[in-house]
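Numbering (the working numbering), first residue to last: 3 to 166.
Glycine is no exception: its CB is placed at the ideal position from the N, C-alpha and C atoms.
Right, dumping it as C-alpha coordinates:
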(Lines of atoms letter the chains of each structure in order from A and count residues from 1; the text may use other names and numbers.)
(Lines give C-alpha, C1' and ligand atoms only; values in the text may rest on other atoms or scores of the structure.)
Protein backbone atom coordinates (compact mmCIF):
# COMPACT_ATOMS: atom_id res chain seq x y z
CA UNK A 1 0.00 0.00 0.00
CA UNK A 2 1.46 3.36 -1.03
CA UNK A 3 0.18 6.53 0.62
CA UNK A 4 1.50 9.50 -1.36
CA UNK A 5 0.89 13.13 -0.57
CA UNK A 6 -0.53 12.52 2.91
CA UNK A 7 -1.80 15.70 4.51
CA UNK A 8 -3.83 15.44 7.68
CA UNK A 9 -3.72 15.25 11.46
CA UNK A 10 -3.30 12.64 14.17
CA UNK A 11 -4.56 13.74 17.60
CA UNK A 12 -4.87 17.28 16.22
CA UNK A 13 -1.16 17.38 15.23
CA UNK A 14 -0.36 17.89 11.54
CA UNK A 15 1.16 15.00 9.56
CA UNK A 16 2.25 15.07 5.91
CA UNK A 17 4.45 13.02 3.61
CA UNK A 18 4.69 9.72 1.78
CA UNK A 19 4.51 6.26 3.38
CA UNK A 20 4.72 2.74 1.99
CA UNK A 21 2.95 0.15 4.15
CA UNK A 22 4.06 -3.45 3.74
CA UNK A 23 4.19 -6.63 5.80
CA UNK A 24 7.64 -7.66 7.00
CA UNK A 25 8.20 -10.67 9.27
CA UNK A 26 4.45 -10.87 9.83
CA UNK A 27 4.11 -7.27 11.04
CA UNK A 28 3.09 -4.02 9.39
CA UNK A 29 6.17 -2.13 8.18
CA UNK A 30 6.15 1.60 7.45
CA UNK A 31 8.76 3.20 5.20
CA UNK A 32 9.00 6.70 3.79
CA UNK A 33 9.26 10.32 4.86
CA UNK A 34 6.94 12.29 7.12
CA UNK A 35 6.72 15.83 8.47
CA UNK A 36 5.10 16.01 11.92
CA UNK A 37 4.12 18.84 14.23
CA UNK A 38 5.39 16.80 17.18
CA UNK A 39 6.81 13.41 18.06
CA UNK A 40 7.22 11.98 21.55
CA UNK A 41 9.53 8.95 21.75
CA UNK A 42 8.15 7.98 25.19
CA UNK A 43 5.33 5.70 23.91
CA UNK A 44 7.85 3.87 21.73
CA UNK A 45 10.13 3.26 24.73
CA UNK A 46 7.12 2.05 26.76
CA UNK A 47 6.20 -0.42 23.98
CA UNK A 48 9.82 -1.56 23.86
CA UNK A 49 10.22 -2.21 27.61
CA UNK A 50 6.64 -2.55 28.92
CA UNK A 51 4.48 0.02 30.69
CA UNK A 52 5.14 -1.42 34.16
CA UNK A 53 8.83 -0.61 33.67
CA UNK A 54 8.07 3.11 33.69
CA UNK A 55 5.87 3.30 36.80
CA UNK A 56 7.77 4.99 39.64
CA UNK A 57 8.39 2.95 42.77
CA UNK A 58 8.80 4.25 46.34
CA UNK A 59 12.19 5.85 45.65
CA UNK A 60 11.02 7.49 42.44
CA UNK A 61 12.68 4.84 40.26
CA UNK A 62 10.66 2.07 38.62
CA UNK A 63 10.96 -1.31 40.33
CA UNK A 64 9.34 -3.58 37.72
CA UNK A 65 11.69 -5.44 35.38
CA UNK A 66 11.70 -4.77 31.66
CA UNK A 67 9.50 -6.97 29.49
CA UNK A 68 11.32 -9.91 27.91
CA UNK A 69 10.33 -8.72 24.45
CA UNK A 70 9.00 -5.65 22.73
CA UNK A 71 5.30 -5.08 22.08
CA UNK A 72 5.86 -2.63 19.23
CA UNK A 73 2.83 -3.05 16.94
CA UNK A 74 4.79 -2.34 13.74
CA UNK A 75 8.29 -1.83 12.36
CA UNK A 76 9.42 1.31 10.58
CA UNK A 77 12.16 2.90 8.52
CA UNK A 78 11.25 6.59 8.31
CA UNK A 79 12.91 9.92 7.61
CA UNK A 80 11.21 12.45 9.86
CA UNK A 81 11.07 16.18 10.39
CA UNK A 82 9.21 17.50 13.40
CA UNK A 83 8.60 20.84 15.07
CA UNK A 84 8.95 19.28 18.53
CA UNK A 85 10.80 16.06 19.42
CA UNK A 86 10.19 14.95 23.01
CA UNK A 87 11.97 12.33 25.08
CA UNK A 88 9.09 11.95 27.51
CA UNK A 89 9.37 14.38 30.42
CA UNK A 90 13.15 14.71 30.11
CA UNK A 91 13.64 17.18 27.25
CA UNK A 92 12.03 18.55 24.10
CA UNK A 93 14.11 19.51 21.07
CA UNK A 94 12.75 21.72 18.30
CA UNK A 95 13.01 21.85 14.51
CA UNK A 96 14.28 18.26 14.41
CA UNK A 97 15.17 15.99 11.52
CA UNK A 98 16.15 12.34 11.94
CA UNK A 99 16.09 8.85 10.49
CA UNK A 100 14.09 6.45 12.69
CA UNK A 101 14.25 2.67 12.53
CA UNK A 102 11.95 0.56 14.71
CA UNK A 103 11.95 -3.21 14.99
CA UNK A 104 11.32 -5.83 17.66
CA UNK A 105 14.83 -5.33 19.04
CA UNK A 106 14.67 -1.59 19.50
CA UNK A 107 14.75 2.00 18.37
CA UNK A 108 17.53 3.47 16.24
CA UNK A 109 17.84 7.18 15.55
CA UNK A 110 20.51 8.46 13.17
CA UNK A 111 21.26 11.74 11.41
CA UNK A 112 19.65 13.62 14.32
CA UNK A 113 19.71 17.41 13.98
CA UNK A 114 17.68 19.68 16.26
CA UNK A 115 17.67 22.78 18.45
CA UNK A 116 17.92 22.13 22.20
CA UNK A 117 18.57 24.56 25.07
CA UNK A 118 19.44 27.27 22.58
CA UNK A 119 22.11 25.14 20.89
CA UNK A 120 22.47 22.72 18.00
CA UNK A 121 21.98 19.02 18.83
CA UNK A 122 23.44 16.39 16.47
CA UNK A 123 24.00 12.68 16.85
CA UNK A 124 22.63 9.17 16.85
CA UNK A 125 21.46 6.66 19.42
CA UNK A 126 20.07 3.17 19.83
CA UNK A 127 17.79 1.83 22.56
CA UNK A 128 17.38 -1.96 22.63
CA UNK A 129 15.55 -4.60 24.62
CA UNK A 130 17.79 -7.65 24.68
CA UNK A 131 15.59 -10.31 26.37
CA UNK A 132 14.69 -7.96 29.22
CA UNK A 133 17.99 -6.11 29.41
CA UNK A 134 17.85 -2.48 28.33
CA UNK A 135 20.81 -1.25 26.30
CA UNK A 136 21.44 2.36 25.31
CA UNK A 137 24.30 3.54 23.14
CA UNK A 138 24.80 6.76 21.30
CA UNK A 139 26.90 9.72 20.33
CA UNK A 140 25.53 13.22 20.76
CA UNK A 141 26.85 16.74 20.58
CA UNK A 142 25.13 19.86 21.82
CA UNK A 143 26.95 22.95 20.51
CA UNK A 144 26.36 26.50 21.70
CA UNK A 145 23.86 25.57 24.41
CA UNK A 146 22.63 28.14 26.92
CA UNK A 147 24.22 26.85 30.14
CA UNK A 148 21.56 28.38 32.39
CA UNK A 149 18.88 26.42 30.46
CA UNK A 150 20.96 23.23 30.24
CA UNK A 151 21.93 23.20 33.93
CA UNK A 152 19.29 25.19 35.83
CA UNK A 153 20.09 26.08 39.44
CA UNK A 154 23.81 25.47 38.82
CA UNK A 155 24.65 29.18 38.83
CA UNK A 156 26.18 29.00 35.36
CA UNK A 157 25.67 31.44 32.53
CA UNK A 158 26.97 31.74 28.99
CA UNK A 159 27.11 29.09 26.32
CA UNK A 160 29.01 25.85 25.94
CA UNK A 161 29.43 22.62 24.05
CA UNK A 162 28.66 19.18 25.47
CA UNK A 163 29.38 15.86 23.78
CA UNK A 164 29.08 12.20 24.70
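Query: From what residue to what residue does the alpha helix (DSSP H) around residue 46 run?; Result: 44-51
Query: If you check the beta carbons only, do residue 66 and residue 95 fall under 8 Å apart?; Result: no
Query: With distances taken from CA atoms, which of 78, 5, 77 and 85 is nearest residue 38?; Result: 85
Query: Using DSSP with H/G/I as helix, E/B as strand and the rest coil, what is residue 66?; Result: coil
Query: In the DSSP output, what is residue 1 paired with across the bridge?; Result: Since the first and last residues shown for the chain are 3 and 166, residue 1 lies out of range.
Query: Please identify the residue among 78, 148 and 132 whose C-alpha is closest to the C-alpha of residue 27.; Result: 78
Query: Beta-carbon within less than 6 Å of residue 145's beta-carbon, same chain only, minus the 5 sequence neighbours each way: which residues are those?; Result: 121, 122 and 163
Query: Pull up the distance between the alpha-carbon of residue 151 and that of residue 119, whole angstroms please.; Result: 6 Å
Query: Less than 7 Å between C-beta atoms, sequence neighbours within five positions excluded: which residues of the same chain meet that for residue 48?; Result: 56
Query: What separation, rounded to the nearest whole angstrom, lies between the Cα atoms of residue 74 and residue 111?; Result: 16 Å
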